[in-house]
Amino acid sequence: MERILVVVWTCCLSLVLCQAFSMTTTKASPRPPRLIYCVFLERANVTCHWKAGDIPAKNYTLKVERMPFIRNAKSTLFTCTTSENSCTAITKSTARITYCITVIAHTDSQDISSERRCQSGRIEVMLYPVTLDSVKPVRGRPQCLNVTWISTLALFPVADSEVEKLKSQIEFTAEGQFNVQVENVTARNKSLMVCLFRPDTSYTVRLRHSYEGPQSPWSLWSNAQHGRTGEDAPSVAPPFWRRVIQTDKNGWRLVSLHWKPLPRLLANGRVLFFGVTCQTESAQVLNDHGSCSHLGHTSTSCSLHLPEGRCSCKLTASTSAGSSPKARIWLLGASEAEPPPPRQIAATPLDDNSLDIRWMAPVDWSPSGFVVEWFAVKETEKNNSILYWEKLNSSCKSLVITEGVKPMERYAVSVTALYGEQGAGQDGTIHMYTRQGAPTAAPKEVLVQQITGRTAEIVWSPVPVELLHGFIRNYTISYSKENQQAKRVLVPGHVHHYSLKNLLPGNYIILVQANTDAGPGKAGFTKMHIGESSDEMSIVTYTLLSIMGTTLPLALIACLAQSKMVKQKLCPDVPDPSDSSLANWTPKTTLENMPVMTEFKIEHSKVVLLGESELENSNPDEYLTDHSVCDLQTYSSPCYSPPPVSQAQTTQNTIQPVKQCFTRAKTTSNADLSSCPSVYSSVHFSQMPPSPPTLLLDSTYQSNHWQHSTVSVNEVNLQLGGDSEPSASPRSTTRAHPPLSKPDELKTFSRGHVTPKPFFSKHL
52 MERILVVVWT CCLSLVLCQA FSMTTTKASP RPPRLIYCVF LERANVTCHW KAGDIPAKNY
112 TLKVERMPFI RNAKSTLFTC TTSENSCTAI TKSTARITYC ITVIAHTDSQ DISSERRCQS
172 GRIEVMLYPV TLDSVKPVRG RPQCLNVTWI STLALFPVAD SEVEKLKSQI EFTAEGQFNV
232 QVENVTARNK SLMVCLFRPD TSYTVRLRHS YEGPQSPWSL WSNAQHGRTG EDAPSVAPPF
292 WRRVIQTDKN GWRLVSLHWK PLPRLLANGR VLFFGVTCQT ESAQVLNDHG SCSHLGHTST
352 SCSLHLPEGR CSCKLTASTS AGSSPKARIW LLGASEAEPP PPRQIAATPL DDNSLDIRWM
412 APVDWSPSGF VVEWFAVKET EKNNSILYWE KLNSSCKSLV ITEGVKPMER YAVSVTALYG
472 EQGAGQDGTI HMYTRQGAPT AAPKEVLVQQ ITGRTAEIVW SPVPVELLHG FIRNYTISYS
532 KENQQAKRVL VPGHVHHYSL KNLLPGNYII LVQANTDAGP GKAGFTKMHI GESSDEMSIV
592 TYTLLSIMGT TLPLALIACL AQSKMVKQKL CPDVPDPSDS SLANWTPKTT LENMPVMTEF
652 KIEHSKVVLL GESELENSNP DEYLTDHSVC DLQTYSSPCY SPPPVSQAQT TQNTIQPVKQ
712 CFTRAKTTSN ADLSSCPSVY SSVHFSQMPP SPPTLLLDST YQSNHWQHST VSVNEVNLQL
772 GGDSEPSASP RSTTRAHPPL SKPDELKTFS RGHVTPKPFF SKHL
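The sequence shown begins at 52 in this note's numbering and counts up by one.
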């Protein structure tokens, strides 16, 4: 037990002694400053950097000792003092010689020196930047530039034979770009060829160098120089597409070919021209190139006619260095069925100037690529719109389009799948707006097409699509009478006519507006008039027509039944002179040599009515011989129009028959009574007082069949005596008198002492 205790105490004592010895040793030997690196500038100075030791120092002294070229010669010491961890000593010496460097830390108790390091100054020399002289393209190598520089040995302590020992870096920036690229290069002499560039690209170039080992710092960058690489053939084919415009009756198709200019990164130079060749499936090259024969560097489309069979077209772009790979498209035959279009095509507006288009490939088909087309929809043909399109590989199922997209403008977006030599499939198309607005125009030609009763048919033409600025959801039709509240009707957007029913009579104003998601647009208007009780008028018209259709036949029947009565009232029977007592009286004395009687008195007349047939077959002379004496009565009848009478002598012992027709004179209209029989009158004279007034009977005779005529009355000489009988001999001369108007006729009767008696007063 005691032995164990002795061992424990011995161990503890040993540990205490070790710690005490260690503390004593540390205090006796503190860690000095450690030199990190130095930078020598040719014939200028040297700057060294160090790390402090364990004991804080008040300041440091840097000692740079230049070793002599000749053995046993004295060295030269260069110093500087600082409180920092770096210091620059002025040497004005070349870096080709050897230098020994020491850092001394000054503490409160002592000075502690770092380990002395001796080395050639060229190990850590910083070379001065060189001066770039030129940057030129290399003929036949469009990816390379040849860079040359100049320097002096006094400032650049590297001989031409030592250039290979240098490390070199080049900094370049392509024109129009901001990212700077730095690459290591190897210099063989004071010129070097760098092949890190793109063809036909302008670059800004700078150089820097360092001497040999990794401890040598890089020099500053040289001055900048500009250079442009040479042209190369385009590295890729231009994007190529086609559209079939129309097909004629022979199956030939007018095809429009489209391509995009190559970007500068891929064109590798200035494209001088494009070349298009088309051939049939049997590799027969078509000679008719249409507008595709000479295509300049600005051309992006052309058109030509292709036969109805399967065809292919190739496109190349050429620069001064060569032609690009060939872009090729296939066109199916006119009678071939096209593969299906992509599925689930959708468009989502991202902002006012971009659309996100997404789709899915057709089921059971593996497209080789896709083409997305879009253009602004206008009222005119879509060929007049600018066509935008992008050709994508088969892995792409979406595209964000920004080119040619504006708000409140409708775009037709279509996606077509490509199937290699099988050609292109059908396209799927949707219409889209980035942002909708209200229409800026009213519907055109708002018209009232037809009004039937209280129903009006309203028609209108749609607003041009350029002025819609959105999808029409519906139309609002507002109609109102004057000073009344308007009524409104919503009509679906695809309908362009509507019937307004149960309209009250009056004047109406009709407004039609197109509505989009953004609101209503301007209103087109028209006016119309609904007639008073148009339906009732139709019913009244039908009722009146029905009544008239029933009444007229009854009236005709009544007229026929009363025809005899009418004849009796309008055309009464005239007494027959043959029934008088003087019917068989024959005068014994002739009147040839008797003096002419200028005055006589008309006592009475007897008028006989005969039919027209009896008039034609009768003998007036015989008639008068049987009726020598009759009384003459004058009637002023509206149905009777007497023939004109003149004062004349006639050679016949007769009075000419006169066809007479009764007409009503009560109104200005004439009633046709042509059925009335003709009237014959005979005049007989009795003994009269001396010197009676002369009677003149004149009237105008009018008929539909007769012209104006003059009727003569025999001038008779009467002999006065007791039992003697008058004898008459026809001795006459006829004098025609002009027709008299009805007032003049009445005056003539008054002067002749003839008192007219109304006809209807006697017989009606």
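Ideal Cβ placement from N, Cα and C applies to all residues, glycine included. Computed from a predicted model, the values in this text were never measured in an experiment.
Whole-angstrom C-beta distance between Gly521 and Ala569, which should lie under 8 Å: Ala569 to Gly521, Cβ: 5 Å. Contact.
Close Cβ partners of Arg147 (< 8 Å) along its chain, the five nearest in sequence each way excluded: Short of 8 Å from the beta carbon of Arg147, and not among the five residues preceding or following it, lie these beta carbons of its own chain, in chain order: Ser171, Gly172, Arg173, Pro208.
Buried versus exposed call for Asp672 [16 or more other C-beta atoms within 10 Å across all chains shown]: With a pLDDT of 43 at Asp672, under the threshold of 50, the modelled position of that residue is not reliable, and the figure given next carries that caveat. Classification for Asp672: exposed.
Sheet register partners of Glu441 (DSSP bridge): According to DSSP, which records beta bridges pairwise, Glu441 is partnered with Val423.
Extent of the continuous beta strand (DSSP E) to which Ala156 belongs: Segment 149 to 157, the beta strand (DSSP E) holding Ala156.
Beta-carbon proximity of Met459 to Leu406, cut-off 8 Å: The Cβ-Cβ distance between Met459 and Leu406 does not fall below 8 Å.
Under 8 Å between C-beta atoms of Val516 and Glu430: Yes, the pair counts as a contact, with Cβ atoms nearer than the cut-off.
Cβ-based burial, Asn444 [other Cβ within 10 Å; buried from 16]: Result: exposed.
Per-residue burial, Met177 [other beta carbons within 10 Å of its own, 16 or more giving buried]: Burial call: buried.
Three-way DSSP call (helix, strand, coil) for Cys610 in this model: The answer is helix: DSSP assigns Cys610 an H, G or I state.
Contact between the stretch 363 to 376 and the stretch 308 to 320 (3+ Cβ pairs under 8 Å): The stretch 363 to 376 makes contact with the stretch 308 to 320; the number of CB pairs closer than 8 Å reaches 3 or more.
Touching by the beta-carbon criterion (3+ pairs, under 8 Å), the stretch 88 to 108 and the stretch 143 to 162: Enough Cβ pairs lie closer than 8 Å, so yes.
Length of the line joining the Cα atoms of Phe229 and Tyr254: Their Cα atoms are separated by approximately 11 Å.
Cα-Cα separation between Ile221 and Pro358, rounded to whole angstroms: Spanning the alpha carbons of Ile221 and Pro358 requires a straight line of approximately 58 Å.
Rounded distance between the beta-carbons of Ala378 and Pro250, thought under 8 Å: About 20 Å; that fails the 8 Å criterion.
Through-space distance from Thr594 to Ser754, alpha-carbon basis: Its pLDDT being 36, under 50, Ser754 is placed unreliably in this model, and the value from its coordinates should be taken loosely. Distance between the alpha carbons of Ser754 and Thr594 is about 41 Å.
Three-state class that DSSP yields for Arg461 in the structure shown: Arg461 falls in the coil class under three-state DSSP.
Nonlocal neighbours in the same chain, by C-beta distance under 7 Å from Thr816, ignoring five residues either side: The requested residue 816 is not part of the displayed model; the chain covers only 52 to 815.
Cβ pair Ala140, Ala103 closer than 8 Å: Taking 8 Å as the Cβ cut-off, Ala140 and Ala103 do not qualify as a contacting pair.
Assigned secondary structure, Met599 (DSSP; H/G/I helix, E/B strand, else coil): Met599 sits in a helix when the DSSP states are folded into three classes.
Start-to-end residues for the beta strand (DSSP E) that takes in Arg22: Residue numbering for the chain in the displayed model covers 52 to 815; residue 22 lies beyond these limits and cannot be assessed.
Which residues DSSP lists as bridging Leu469, in chain order: Gly420, Ala475.
Euclidean distance between Cα positions of Pro490 and Asn558: Answer to the nearest angstrom: the Cα atoms are 28 Å apart.
Beta-carbon proximity list for Val464, same chain, < 8 Å, skipping 5 on both sides: Answer for Val464: Ile396, Ala398, Leu406, Ile408, Val423, Glu424, Trp425, Ile452, Thr480, Ile481, His482, Met483, listed in chain order.
Leu313 versus Gly347: straight-line alpha-carbon distance, rounded: Answer to the nearest angstrom: the Cα atoms are 14 Å apart.
Boundaries (first-last residue) of the beta strand (DSSP E) holding Val542: Taken as a continuous stretch (DSSP letters only), the beta strand (DSSP E) holding Val542 covers 538 to 543.
Option nearest Trp381 by Cα separation, candidates Gly471, Arg394, Glu263: Out of Gly471, Arg394, Glu263, Gly471 has the C-alpha closest to the C-alpha of Trp381.
Distance, Ala225 Cα to Pro268 Cα: Those two C-alpha atoms are separated by around 27 Å.
Closest Cα partner of Trp416 within the set Val428, Asn404, Pro391, Ala427: Selected option, being the one with the closest Cα: Pro391.
Length of the line joining the Cα atoms of Leu816 and Ser126: Nothing can be reported for residue 816, as the shown portion of the chain is limited to 52 through 815.
Other residues of its chain near Gly455: CB distance less than 7 Å, five sequence neighbours each side excluded: Sequence-distant Cβ neighbours of Gly455 in its own chain, meaning closer than 7 Å and more than five residues away, are Ile437, Tyr439.
Continuous beta strand (DSSP E) stretch holding Val516: start and end: Taken as a continuous stretch (DSSP letters only), Val516 belongs to no beta strand (DSSP E), being part of the alpha helix (DSSP H) at 516 to 519.
Helix, strand or coil at Asp211 [DSSP, three-state]: Looking at Asp211 - three-state DSSP - the assignment turns out to be helix.
8 Å contact criterion, which Glu282 and Arg321 should meet: CB distance rounded: The pair is a contact, with the Cβ atoms about 7 Å apart (cut-off 8 Å).
Residue range of the unbroken beta strand (DSSP E) whose run includes Ala37: Outside the displayed range of the chain (52 to 815) lies residue 37, so it cannot be described from this structure.
Where Leu355 falls: helix, strand or coil (DSSP): Three-state result, Leu355: strand.
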